[in-house]
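Colleague: Would you mind keeping the following structure in view while I ask a few things?
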Amino acid sequence: MVEASLSHLLRLVQANGRFVYAHPAGQPRMPLNGYNMLRHCGTLWFMLRAVNDLDLDLAPDARAALGRAVEFAANMFERPLWIRTPSLALVTKGAVKTGGIGLALVMLEEYRRALPRGLDEAALPLGLETMIAGLQAYALAQIEGGDFLHKRLFSDGTVLPFRSDFYTGEALLGLFVTGNTDPALLAATEALVARRYGVAEQSHWMAYASCEAAARGLISEARITGYITELMEAIVEHDAYRARRMSTPIACRSEALTRFARLCDQWPGRFPEALRAAAMRVTDENLGLQLRWYADGQFWKGDDDDKVQIDYIQHNATAFLNLWLCL
0 MVEASLSHLL
10 RLVQANGRFV
20 YAHPAGQPRM
30 PLNGYNMLRH
40 CGTLWFMLRA
50 VNDLDLDLAP
60 DARAALGRAV
70 EFAANMFERP
80 LWIRTPSLAL
90 VTKGAVKTGG
100 IGLALVMLEE
110 YRRALPRGLD
120 EAALPLGLET
130 MIAGLQAYAL
140 AQIEGGDFLH
150 KRLFSDGTVL
160 PFRSDFYTGE
170 ALLGLFVTGN
180 TDPALLAATE
190 ALVARRYGVA
200 EQSHWMAYAS
210 CEAAARGLIS
220 EARITGYITE
230 LMEAIVEHDA
240 YRARRMSTPI
250 ACRSEALTRF
260 ARLCDQWPGR
270 FPEALRAAAM
280 RVTDENLGLQ
290 LRWYADGQFW
300 KGDDDDKVQI
310 DYIQHNATAF
320 LNLWLCL
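Under numbering that gives the first Met the number 0, the residue at position 32 of the sequence shown is numbered 31, and the numbers go up by one with no gaps.
Right under this line is the structure:
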């Protein structure tokens, strides 16, 4: 399942490194309109994780496709002059979305892990460490009031009113996986955990971020275990998301549950065995539903829409990859 999804995504990488973003199921040569760089980076995170976690030996053309896609994203990094610390921002349509910074970081961290497998850093416009440090600096500069600012104009840094349910968790995860332990970051994380940010929304990005913080010992054990327990209980006990009959809302919960199960295995004795068992039971039910919208490495939107989009594949296939790591 994971390898088929990876293979399909590799076929969608064009000569310039941009994906065929969306197409009708079974018809990848009929591209649909639209593009989103956050989803570009998130999709590459899955693809590179699949290569690393499954220990895949890619053919030269597959390695080249991955390199082109990472280079396409890296070419969109620009230096914001209104931040004193040297930093980099992923700029799209004249704006910077903090979630994009987080997803660019997780993408680059997986690319760094994949370099020994024959991927090449030389094609990137800046050194890998320089890009990671610059993106980290931008993300840290967005911390304000125990949270992150979510969107700014690139030209002058004007803060825009837009808020996303996803960006805070994405930024936290990107900073954690690249090893950042800045005191302001940890203080913001403590504040977010204390007010149960993301629990009501069943946020899979906060699940990833909180599990990463727990595994790295960044937050007090009692506080982070209480937060993760409440987040998992919210997903296990409330399944209204299934009624939408769409693959990705279900897949995102599956991702959260399987990341939690991995944490239980990595960090034993901190959570009730019954909660891990419940998480795996709900995951099994969810994955069965997700398969209704799958064929040939492609996941489509849901019952009433056969559109395949790169992030639909990312989230659904990542849930299966996470499950494989739990077995």
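Yeah, the Cβ is synthetic: ideal placement off N, Cα and C, and Gly gets one too. A quick note: this is a predicted structure, and the numbers were derived from the prediction, not measured.
Check whether the segment 177-190 touches the segment 225-242, taking contact to mean three or more Cβ pairs, one atom from each stretch, closer than 8 Å.
Modeller: Taking 8 Å as the limit for Cβ pairs, the verdict is that the segment 225-242 does not touch the segment 177-190.
Colleague: Starting from the C-beta of Ala64, find all residues in its chain whose C-beta is less than 7 Å away, skip the five residues before and the five after it, and write them out in chain order.
Modeller: For this step, residue 64 is matched to residue 65 along the sequence shown. The answer, listed in chain order, is Leu9, Val12.
Colleague: Please state whether the Cβ-Cβ distance between Pro30 and His22 is less than 7 Å.
Modeller: Stepping through the sequence shown from its first residue, residue 30 is reached at position 31. Stepping through the sequence shown from its first residue, residue 22 is reached at position 23. Closer than 7 Å, so yes.
Colleague: Going by DSSP, name the residue or residues bridged to Glu143.
Modeller: Numbered from its first residue, the sequence shown carries residue 143 at position 144. BP columns for Glu143 point to Asp146.
Colleague: Rounded to whole angstroms, what is the Cα-Cα separation between Ala187 and Glu200?
Modeller: The count along the sequence shown starts at 1 and reaches residue 187 at position 188. The count along the sequence shown starts at 1 and reaches residue 200 at position 201. One C-alpha to the other measures close to 19 Å.
Colleague: For Val69, write down the residues that DSSP places opposite it in a beta bridge.
Modeller: To locate residue 69, count along the sequence shown from 1; it is residue 70. According to DSSP, which records beta bridges pairwise, Val69 is partnered with nothing at all.
Colleague: Mind checking who Thr91 pairs with in its DSSP beta bridge?
Modeller: Start at 1 with the first residue of the sequence shown, and residue 91 comes out as number 92. Answer is Ala94, bridged to Thr91.
Colleague: Could you tell me the distance, in whole angstroms, from the CA atom of Arg269 to the CA atom of Thr224?
Modeller: As a first step, residue 269 is located in the sequence shown; it is residue number 270 there, counting from the start. As a first step, residue 224 is located in the sequence shown; it is residue number 225 there, counting from the start. Distance between the alpha carbons of Arg269 and Thr224: 7 Å.
Colleague: Which residues share a DSSP beta bridge with Tyr293?
Modeller: Position 294 of the sequence shown, counted from the first residue, corresponds to residue 293. DSSP, once it has assigned bridges, lists Phe298 as partnering Tyr293.
Colleague: Would Ser163 pass as a contact of Gly98 if the rule is Cβ separation under 7 Å?
Modeller: The sequence position of residue 163 within the sequence shown is 164, counting from 1. The sequence position of residue 98 within the sequence shown is 99, counting from 1. Going by C-beta atoms, Ser163 is nearer than 7 Å to Gly98.
Colleague: Would you grab the beta carbon distance between Tyr166 and Lys96 for me? Rounded to a whole angstrom, and I think it's under 8 Å.
Modeller: By one-based count along the sequence shown, residue 166 stands at place 167. By one-based count along the sequence shown, residue 96 stands at place 97. Indeed they touch by this definition, with Cβ atoms about 7 Å apart.
Colleague: With distances taken between CB atoms, is the gap from Gly173 to Gly101 smaller than 7 Å?
Modeller: Here residue 173 is taken as the residue at index 174 of the sequence shown, counted from 1. Here residue 101 is taken as the residue at index 102 of the sequence shown, counted from 1. Yes. Within cutoff.
Colleague: Considering Ala21, what are the terminal residues of the beta strand (DSSP E) in which it resides?
Modeller: Your numbering for residue 21 matches position 22 in the sequence shown. Here the beta strand (DSSP E) through Ala21 covers 21-23.
Colleague: Please return the same chain residues whose Cβ sits closer than 7 Å to the Cβ of Val50, not counting the five positions on each side in sequence.
Modeller: The residue you call residue 50 lines up with position 51 of the sequence shown. Cβ-Cβ distances below 7 Å link Val50 to Leu57, Ala113, Arg116 in the same chain, with the five nearest sequence neighbours on each side left out; the list follows chain order.
Colleague: Which residue comes first and which comes last in the alpha helix (DSSP H) that contains Val307?
Modeller: Numbered from 1 along the sequence shown, position 308 holds the residue referred to as residue 307. Note, Val307: premise wrong, no alpha helix (DSSP H); beta strand (DSSP E) at 304-308.
Colleague: Cutting at 8 Å between CB atoms, please list the residues of its own chain near Leu185, excluding the five before and the five after it.
Modeller: The residue you call residue 185 lines up with position 186 of the sequence shown. Leu217, Ile218.
Colleague: For Phe18, does the three-state DSSP call read helix, strand or coil?
Modeller: The count along the sequence shown starts at 1 and reaches residue 18 at position 19. Three-state DSSP puts Phe18 in a strand.
Colleague: Ordered along the chain, which non-local residues of its own chain (more than five positions away) have a Cβ less than 7 Å from that of His203?
Modeller: The residue given as residue 203 occupies position 204 in the sequence shown. Cβ neighbours of His203 beyond the five flanking positions: Cys251, Arg252, Glu254, Ala255.
Colleague: Verify whether the separation of the beta carbon atoms of Cys210 and Leu262 is less than 7 Å.
Modeller: Numbered from its first residue, the sequence shown carries residue 210 at position 211. Numbered from its first residue, the sequence shown carries residue 262 at position 263. Taking 7 Å as the Cβ cut-off, Cys210 and Leu262 qualify as a contacting pair.
Colleague: Do you know how far the Cα of Ser246 is from the Cα of Arg195?
Modeller: As a working note, residue 195 is residue 196 in the sequence shown. As a working note, residue 246 is residue 247 in the sequence shown. Each residue's alpha carbon lies about 26 Å from the other.
Colleague: Could you give the DSSP three-state label for Val198: helix, strand or coil?
Modeller: Within the sequence shown, the letter at position 199 stands for residue 198. Residue state, collapsed to three classes: coil.
Colleague: Based on Cα-Cα distance, which residue from Pro85, Glu143, Val158 lies nearest to Lys150?
Modeller: The residue labelled residue 150 in the question sits at position 151 within the sequence shown. Here the closest residue by C-alpha is Val158.
Colleague: Considering only the beta carbon of each residue, do Asn354 and Ile249 sit closer than 7 Å?
Modeller: Outside the shown range of the chain (0 to 326) lies residue 354, about which nothing can therefore be said.
Colleague: Just grab the DSSP bridge partners of Glu77 for me.
Modeller: Here residue 77 refers to the residue found at position 78 when the sequence shown is read from its first residue. Ala88.
Colleague: Could you check where the alpha helix (DSSP H) with Ser246 kicks off and where it finishes?
Modeller: Locating residue 246 in the sequence shown gives position 247, counting from the first residue. Residue range 246-265 is occupied by the alpha helix (DSSP H) that includes Ser246.
Colleague: For Arg275, does the three-state DSSP call read helix, strand or coil?
Modeller: For the purposes of this step, residue 275 is taken as the residue at position 276 of the sequence shown. In the structure shown, Arg275 sits in a helix (DSSP, three-state: H, G or I).
Colleague: Going straight from the alpha carbon of Thr84 to that of Arg17, what length do you get?
Modeller: One-based indexing of the sequence shown puts residue 84 at position 85. One-based indexing of the sequence shown puts residue 17 at position 18. Distance between the alpha carbons of Thr84 and Arg17 is about 30 Å.
Colleague: With a CB to CB cut of under 7 Å and the five nearest residues on each side skipped, what residues in its chain are close to Arg275?
Modeller: Your numbering for residue 275 matches position 276 in the sequence shown. Ala260, Cys263.
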